[in-house]
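Structure, as structure tokens:
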Amino acid sequence: HDVEVGDVIQFPESPWNSTVLEVTGTNITLQHNQIPDTTFYTTVQTMFGPQQVPAQVHFNETDIILDSNHFLAGKTLTFEVEVVAIEKANTELVSIE
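First residue of the sequence shown? That's 25 in the numbering used here, and the numbers climb one at a time after it.
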């Protein structure tokens, strides 16, 4: 495919597009048009084999951070619980053979 300076291109599997900044005989210089705090799915190797997991992307001028923690990681969770019954414990020992 022929590209020209100023063209905006989208790579497969990329969560953002890129702008062509320079074209020479052998190189094309791109600027990635990153979207701050983008969530996308990526494949990571787990003990169960390759898995698709969501990853939050954070970046600045020097770093790109892929955070694949669960979205509730680090949050305080509060649960509302209803006690339905309270029973006295059975004091007999039960043996399982």
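Think of the CB as a built atom: it goes at the ideal place given N, C-alpha and C, for glycine as much as any other residue.
At which residues does the beta strand (DSSP E) containing residue i begin and terminate?
i	result
L96	Careful: L96 lies outside any beta strand (DSSP E) and carries neither H nor E.
L101	Unbroken run through L101: none, as it is neither H nor E.
With DSSP as the reference, label residue i as helix, strand or coil.
i	result
E37	coil
N57	strand
V47	strand
I120	coil
G73	strand
I88	strand
V108	coil
A113	coil
V32	strand
V81	strand
Would you say residue i reaches chain B, if we count a Cβ-Cβ gap shorter than 8 angstroms as a contact?
i	result
V29	Of the protein chains in the structure, only one exists, and it is not chain B.
Write down the C-beta distance between residue i and residue j rounded to the nearest angstrom, noting that I regard them as a contact closer than 8 angstroms.
i	j	result
S38	Q55	At roughly 13 angstroms, the Cβ-Cβ gap does not stay under 8 angstroms, so S38 and Q55 are not in contact.
A97	L90	Actually they do not touch by this definition, with Cβ atoms about 14 angstroms apart.
L45	V29	7 angstroms
I52	W40	Contact doesn't hold; Cβ gap of about 17 angstroms is too wide.
Alpha carbons only, please: which of the options is nearest the one belonging to residue i?
i	options	result
H94	V77, E28, E46 and D31	V77
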